Structures are given as C-alpha cells and as structure tokens.
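Worksheet: one structure, shown below.
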Amino acid sequence: MSAKSRPGAAVLKPALTARLARRLPPLRWLRQYNRADAAADAVAGTVTAVLLVPQAMAYAVVAGLPPQVGLYASVLPSLAYALFGTSPYVGVGPVAVNAIMVASALAAVSHGDPAGNVVHALQLAAISAVTLLVLATLRAGAFINFLSRPVLDGFTSGAAVLIVLTQLPALLGLRSDTGPLVYEVLGGLARHLPELHAPTLLISLASLALLLLGGRPLRALLRRLPLPSLAADLLGRMAPLAMVVIATLAVGIAHLAADGVAVVGQIPAGLPAPSLDFVRAPGWLELLAPGILIALVSYVSSVSIGQALASRRRQRIDADQELLALGAANAAAVAGGALPVAASFSRSALNFSTGARTPMAGVVSALLVAVTALALTGLFRNLPKAALAALIVVAVVPLIDVRGFRRTLAYSRGDGLTFAATFTAVLLIGVERGLLLGALLALAIHIWRSGRPHMAVIGRVPGTEHFRNVARHRVETWPTLLLVRVDEGLYFANAARVEHFILGALAARPQVDHLILVGSAINHIDSSGLAMLESLLPALREAGVCVHLAEFKGPVMDRLRRSGLLEELPPGEIYLSTHVAVTTLLARDASNPEATA
Numbered sequence: 018m019s020a021k022s023r024p025g026a027a028v029l030k031p032a033l034t035a036r037l038a039r040r041l042p043p044l045r046w047l048r049q050y051n052r053a054d055a056a057a058d059a060v061a062g063t064v065t066a067v068l069l070v071p072q073a074m075a076y077a078v079v080a081g082l083p084p085q086v087g088l089y090a091s092v093l094p095s096l097a098y099a100l101f102g103t104s105p106y107v108g109v110g111p112v113a114v115n116a117i118m119v120a121s122a123l124a125a126v127s128h129g130d131p132a133g134n135v136v137h138a139l140q141l142a143a144i145s146a147v148t149l150l151v152l153a154t155l156r157a158g159a160f161i162n163f164l165s166r167p168v169l170d171g172f173t174s175g176a177a178v179l180i181v182l183t184q185l186p187a188l189l190g191l192r193s194d195t196g197p198l199v200y201e202v203l204g205g206l207a208r209h210l211p212e213l214h215a216p217t218l219l220i221s222l223a224s225l226a227l228l229l230l231g232g233r234p235l236r237a238l239l240r241r242l243p244l245p246s247l248a249a250d251l252l253g254r255m256a257p258l259a260m261v262v263i264a265t266l267a268v269g270i271a272h273l274a275a276d277g278v279a280v281v282g283q284i285p286a287g288l289p290a291p292s293l294d295f296v297r298a299p300g301w302l303e304l305l306a307p308g309i310l311i312a313l314v315s316y317v318s319s320v321s322i323g324q325a326l327a328s329r330r331r332q333r334i335d336a337d338q339e340l341l342a343l344g345a346a347n348a349a350a351v352a353g354g355a356l357p358v359a360a361s362f363s364r365s366a367l368n369f370s371t372g373a374r375t376p377m378a379g380v381v382s383a384l385l386v387a388v389t390a391l392a393l394t395g396l397f398r399n400l401p402k403a404a405l406a407a408l409i410v411v412a413v414v415p416l417i418d419v420r421g422f423r424r425t426l427a428y429s430r431g432d433g434l435t436f437a438a439t440f441t442a443v444l445l446i447g448v449e450r451g452l453l454l455g456a457l458l459a460l461a462i463h464i465w466r467s468g469r470p471h472m473a474v475i476g477r478v479p480g481t482e483h484f485r486n487v488a489r490h491r492v493e494t495w496p497t498l499l500l501v502r503v504d505e506g507l508y509f510a511n512a513a514r515v516e517h518f519i520l521g522a523l524a525a526r527p528q529v530d531h532l533i534l535v536g537s538a539i540n541h542i543d544s545s546g547l548a549m550l551e552s553l554l555p556a557l558r559e560a561g562v563c564v565h566l567a568e569f570k571g572p573v574m575d576r577l578r579r580s581g582l583l584e585e586l587p588p589g590e591i592y593l594s595t596h597v598a599v600t601t602l603l604a605r606d607a608s609n610p611e612a613t614a
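Its first residue numbered 18, the sequence shown is counted upward by one per residue in my numbering.
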C-alpha cells in the first residue's frame, strides 16, 4: 500500500512537519525570509558583534579565563541558539552574572591554575547543558521559575557589586591574590593599595570617561544633529569599541606595557578543535551544584529577556523550546572550548533596537566574531586590562537595582527582606550559597504567608448579589447564618488556623444555625485540609451547626467527591453561589426572616 493510499497518512505528515518545525524554528521563519529581512539582520548582527567582541573578552577575564575563551563562547553557541531558539532578538554568549558564578566555582576547584580553569569551565558548561536538556525533555519550562523576582534581582545586584569590586585591582594596577568574597577583595585592596600604579590608573580613568561620555550623553548629542535617530543611536553605541581602539593605540604608541601597564598580550589565533579531554579531568562532583545553579539562573534570566523584548512587538516565545535552545547553546560551548553561556540583556536589547527580524542576526554576529578570532586577535595584543575592567564596570553598574529594591520594599516587606538578604548573602558567603539562601528564604516567606491566609466573615451588599467583608463594607448579616470566605488553598500549613478562625467566629455568634463556607478562592485542598474538614463537620453537627459549601470550583469538588467527604455533608448542601445559599436558607428559616444591618 502506498503512502498516499494509507489511511491517516495525509493527517500524519502535517502533524509530523508541525512537530519538526516546532523543534527547529528556522523551518518556519525561513519560508518567509526575504531580502529586507536579510538586510535588517545583517545590520543588527554587525552592530551587535562590534559590542560583543570586547564584552566577550572582558567577561572571560571576569570568569578567570583567557580573553579568547570569551570569543569562543560567542561563535558556536550563537549558531546553536539560532537553530533552536524562538526569539529573534536574544543574543547568546558570555554574560556578567554567569562569569562571576563561573569565577566563584573555579576558585574552589582550580586554585588559580589557568589551564585547570579552562578545563573546569568546560565541565561547568557540560553540566549546564545536560541540566537544561533534561528539563527540556521533561517540558519543565513552566515549572522551574522557582527563583522569585526579589531573589533574582537581589542576586543580580549582589553579583554586580562583587564584579565591580573584583575589577578594582585591574583598574588600580594592583595584584589580585584574594578570594571572591567582598571582605576578601576589600582586604586585598587595603594590603596592596600602596602599590597603586599611576599609568594604569590614568588609563582606567580615561577609559571610564570615554565610556560614560560616549554612552547616553553622546547619543543625546547626536540626536540633536541632522541624523536619523537610528544612526545616532548606532554611533553612540560604538563607544566601547572606540575606547578599546584608543586605549590599545595609546599603550602601543607610548610603550606603556614596558612601564608596567598590564596588557592582554598575544591571543592565539583560530578556534579550538573539539576535545573530550575534560571528561577525564577531576572536579565533576565539586562543580555539579554550581553547574546546575548556573543553568537555572541562565534559563530564568534568558527567558525573562526574551519575553520582555517579544512583548514589545506582540510576539511570544516558547518557554520549553527555550530550554532546548539554551541547552544546545551550552552544549555548543563545550564543543567550542568555552564557558557557560546565557542571553545578554545589553546585546539582546541592541539586536532589538537595531531592527533584527530573525535569529539570523545572531548568525551574522557569530560569523564576525569567528573572523575576529581567526584573523584579528593580533590587534588586541596591546589592549590594557584596565580598559577591559572599565568596560566591565560600566556594563554591570546598571544591574545594581537600588530603585528596584526601594520599590519592592515599599510594596512588600517580605519581598524587600528577600532582596536584601540575597544581596547581602551573595557578597558575604558567595554567589551560589547566596542564591540558594535567597531561594530558601523566599520559599519560607511564601509558606509563612499562605499559612496565615486572609479569611473573612462576609455579608451581602444591600440591593445586590455581591458579598463582601463585614469589616470593610456596610453589608447585611443574619443572626442564624455565618458566611466565611477563605482566600487560600487549604493545606498542612494553614488547616489548623482556618479551623481556629471558624470556631472563633461561631463562638462569637451563638445563634448561628448554618455555616456557609465560601470556597471561591480555594484552588486546592490537601490531605491535611481534608482531615480538618472531616473532623470539623461532625463536631459542628453535634453542636447544632449545619455546614454548607458554596462556590467551590469543579476540580476541588471532584477531589472532595472522591474522598467521600460529601457523603458526610448532609444535612448540609452544596450551592452554586453564595446568593443562592443565603436566599434558600433564609426561606427555610421562617423564624428569622429579617436581615440586620
């Protein structure tokens, strides 16, 4: 039987094609790809590559790796993301937060060995890749955002402060022989401060000035000129490259390296051949937890960036597919001899603002970085490390979100405490431990809050079918009816408190014959909540109080029905709405028909 004559073959082929296109997004967007798209992607990719080259080298230095590793991390990972990613704007490569996490992990394993650092960075990338790919297989994109926004913001701010502090020795021309914690860095600065190197400090100040003046101030000035706004913005964003070129020329012309100015030195040309030597190296167990944390932070931040940019164009990204894309990008980092990668906010925003239309912009950036690694590394021989440090500082300072902390604290003291605790812990006990502490604290605060749910005795707004809290509104109540609304699921942490509230409300109203439990906000009842209800119903029945259920949701009712609780409810009844429950019970209770305000 031919494929055409087989039943269901016509249906199976489109389904298979759709599934394949979902896993390989280029199969979708390449169908409509045209010259206008190619031109826009070429411009965006070229501009992003200009920023990417110095940034990639700088973040590799932050991680404790040779500068060229940052270039390697910008080639194959970008190509892998373009193959599997769903955002046309996300730029994948080395990022500041990942770099400091890698540096912290390497400090505990490599003990300052440069060759060991490279090997262990590959192991971290491999662990991150496996973690993300396993989660992609489990389609866990919707379930691993366990890092609340205060935790992530506090972690990012703390990591940014730590990055700035670790760059101070390079900015001042001092030796860096300390650990990654804030008190270790400050102690090292205090010990070596008499060794301050004046030419290095001068280069640092000049580099910082060029970057600061060449950012927003330059773009604002260019917009006043008769230039298109996009052209002015692009010229303004060339400040990092201009600073790198000027600093490199200054060091080379003045022979400042001979006067003690630290420079990048000779960078090996070419791209590394894939190797599996790192598999046999020790350190896997020590790097397992940091690698998993790097993967999770990379995913959460990358998806946040992708969603934020996509929403501006009324687009969406696939969270599960992004797991696969980021996992593939980290696997490509392993093959390319690089460190773990993630989405960069600055480069993704630049892709967006310069008009990228598809992931082909990332391919253009990757190819240009590859050309740089293959043929142009000699140009960076005299690049001063102080200039790279200045580039890092200017890039990460905006990540210190003081305004966000104030806003969070004003909105919620618990969330503000989580932000501050995560920020402080990152500085004092390390990035991985600080992140874990923040996540655990956020979980503890969530349990504490849900363990003290909002509960209210409610009454009817006169002349309506709406019911509101008696403590907030002027409502109708009835001597023989008590209406209680619980605004949280019933589970082990709050079951006893809910029971205590109900019994207290009944004790204050001895004339009550009917308790209406309003479940409009109850989304889940666990075994502890069920046990509380199973003991409460017969106890109240013996006390002369009949319990009724109103506005319980279908899935909750299904579980209660399977549990057998509803068989214990009579003479209590189940009502679709609180209004129906009240009117029905008042009609039956002929002895108390009048409502009291």
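Every residue gets a Cβ at the ideal spot worked out from N, C-alpha and C, and that includes glycine.
Treat the numbers as computed from the prediction; the structure is a model and nothing was measured.
Inter-residue spacing [alpha-carbon to alpha-carbon] between residue i and residue j
i       : j       : result
Ile-462 : Ala-57  : 47 Å
Ala-456 : Ile-309 : 14 Å
Ser-221 : Val-386 : 26 Å
Met-260 : Pro-357 : 27 Å
Thr-601 : Glu-559 : 23 Å
His-596 : Val-535 : 11 Å
Ser-574 : Ala-556 : For the sequence presented, residue 574 should be read as Met rather than Ser. The straight-line gap from Cα to Cα measures roughly 22 Å.
Cys-563 : Gly-431 : 39 Å
Arg-579 : Ile-533 : 21 Å
Tyr-106 : Arg-374 : 7 Å
Ser-193 : Leu-238 : 39 Å
Gly-230 : Ala-176 : Looking at the sequence itself, residue 230 is Leu, so the reference to Gly does not match. Straight-line Cα distance between these residues: approximately 25 Å.
Tyr-200 : Leu-182 : 10 Å
Leu-185 : Ala-407 : 9 Å
Val-296 : Ser-363 : 33 Å
Glu-516 : Pro-470 : 12 Å
Leu-454 : Ser-224 : 37 Å
Val-599 : Ala-459 : 40 Å
Leu-400 : Gly-269 : 8 Å
Glu-303 : Ala-312 : 15 Å
Pro-285 : Val-388 : 13 Å
Enclosing beta strand (DSSP E) for residue i [first to last residue]
i       : result
Ser-361 : 359-361
Arg-156 : No beta strand (DSSP E) contains Arg-156, which DSSP labels as neither H nor E.
Phe-422 : Note, Phe-422: premise wrong, no beta strand (DSSP E); alpha helix (DSSP H) at 419-428.
Asn-486 : 484-486
Residue i - partner residues in DSSP beta bridges
i       : result
Ala-473 : Arg-502
Pro-401 : Val-280
Leu-534 : Val-501, Leu-566
Thr-375 : Beta-bridge pairing links Thr-375 to no other residue.
Glu-493 : Arg-477
Ile-542 : Leu-507
Ile-409 : Answer by DSSP bridge pairing: none, since Ile-409 is not bridged.
9 Å Cβ cutoff met for residue i and residue j
i       : j       : result
Gly-354 : Leu-139 : yes
Ala-187 : Lys-402 : yes
Asp-530 : Gly-561 : yes
Ser-127 : Gly-300 : yes
Gly-277 : Pro-216 : yes
Ala-80  : Ala-120 : yes
Glu-568 : Leu-593 : yes
Leu-625 : Leu-218 : Because the chain spans 18 through 614 in this model, residue 625 falls outside it and cannot be assessed.
Val-443 : Leu-203 : no
Met-549 : Val-503 : no
Thr-439 : Pro-211 : no
Ser-315 : Leu-343 : yes
Arg-333 : Ala-325 : no
Val-92  : Ala-390 : yes
Limits of the alpha helix (DSSP H) - the one that residue i falls within
i       : result
Phe-518 : 512-524
Gly-451 : 448-467
Phe-295 : Taken as a continuous stretch (DSSP letters only), Phe-295 belongs to no alpha helix (DSSP H), as it is neither H nor E.
Val-262 : 256-271
Gly-108 : Looking at the DSSP string, Gly-108 is not in any alpha helix (DSSP H); the run it does join, the beta strand (DSSP E), is 108-110.
Asp-575 : 571-580
Leu-599 : The amino acid occupying residue 599 in the given sequence is Val; Leu does not appear at that position. Start and end: 595-605.
Ser-221 : 215-230
Gln-85  : 84-89
Gly-62  : 52-79
Val-119 : 113-126
Asp-285 : It should be pointed out that residue 285 corresponds to Pro in this sequence rather than to Asp. Segment: none, Pro-285 is in no alpha helix (DSSP H) and carries neither H nor E.
Any non-hydrogen atom of the ligand ATP within 8 Å of residue i CB
i       : result
Val-112 : With respect to small molecules bound, the structure shown includes none, and the ligand ATP cannot be examined in it.
message = For a minimum of 4 consecutive residues, which ranges assigned as the alpha helix (DSSP H) are wholly contained in the stretch 168-210?
response = Inside the stretch 168-210, DSSP marks whole alpha helix (DSSP H) runs of 4 or more residues at positions 199-209, from first to last along the chain.
query = Curious, which full-length beta strand (DSSP E) runs of at least 3 residues does the stretch 322-372 contain?
reply = List check, beta strand (DSSP E) in window: 359-361.
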